[in-house]
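Under our numbering, the first residue of the sequence shown is numbered 127, with each subsequent residue one higher.
A short worksheet on the structure shown next.
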Amino acid sequence: MATRSDIDSLRTAFPNWVLFRSDEGVFYATRRGVTLDWEQLAEGLMQTVAADTADDLAKTIKTQECPDGTQ
């Protein structure tokens with residue numbers, strides 16, 4: 127079961143993302159202050175991502191970030 131510290135850890139690790147957990151327990155992250163354009167979306171980037179676990183969300187966010195840590 128996910129805890130408050132799970133979401134706090136994610137927020138610390140990914141400050142460029144707004145993170146929350148739904149009442150159903152799904153973790154969500156959306157880009158903070160960034161709106162992707164059509165080209166970026168076509169390349170597979172997503173404005174908002176979701177996962178069933180904190181670890182899976184962290185992995186998904188990492189695939190969405192550039193190597194330098196930017197969005």
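Don't be surprised by glycine CBs; every beta carbon is placed ideally from N, CA and C.
Source: prediction; values computed, not measured.
Own chain partners of residue i with C-beta closer than 7 Å, once the 5 adjacent residues on each side are dropped
{"i": "Thr-186", "result": "Val-175, Ala-177"}
{"i": "Leu-136", "result": "Leu-145, Ala-180, Leu-183, Ala-184"}
{"i": "Pro-156", "result": "Per the sequence shown, the amino acid found at residue 156 is Thr instead of Pro. For Thr-156, where only same-chain residues beyond five positions count, the Cβ hits under 7 Å are Trp-143, Val-144, Gln-173, Thr-174."}
{"i": "Glu-158", "result": "Reading off the sequence, residue 158 comes out as Arg, not Glu. Excluding positions up to five away in sequence, the list reads Asn-142, Trp-143, Val-144."}
{"i": "Trp-164", "result": "none"}
Where the beta strand (DSSP E) through residue i begins and ends
{"i": "Arg-158", "result": "Where Arg-158 is concerned, there is no enclosing beta strand (DSSP E), given that its DSSP letter is neither H nor E."}
{"i": "Val-175", "result": "174-177"}
Host alpha helix (DSSP H) of residue i (start-end)
{"i": "Thr-189", "result": "180-190"}
{"i": "Thr-138", "result": "130-139"}
Other residues of its chain near residue i: CB distance less than 6 Å, five sequence neighbours each side excluded
{"i": "Ala-168", "result": "none"}
Same chain only: Cβ atoms within 8 Å of residue i, ignoring 5 sequence neighbours per side
{"i": "Leu-171", "result": "Leu-162, Gln-190"}
Assumed close pair residue i, residue j - CB separation to whole angstroms, cut-off 8 Å
{"i": "Thr-153", "j": "Arg-147", "result": "Here residue 153 is Phe; the residue named in the question, Thr, does not match the sequence. Indeed, because the Cβ distance is near 5 Å, the residues count as touching under 8 Å."}
Beta carbon proximity, residue i to chain C, threshold 8 Å
{"i": "Gly-170", "result": "Considering every chain present, this structure includes no chain C. It has just one protein chain."}
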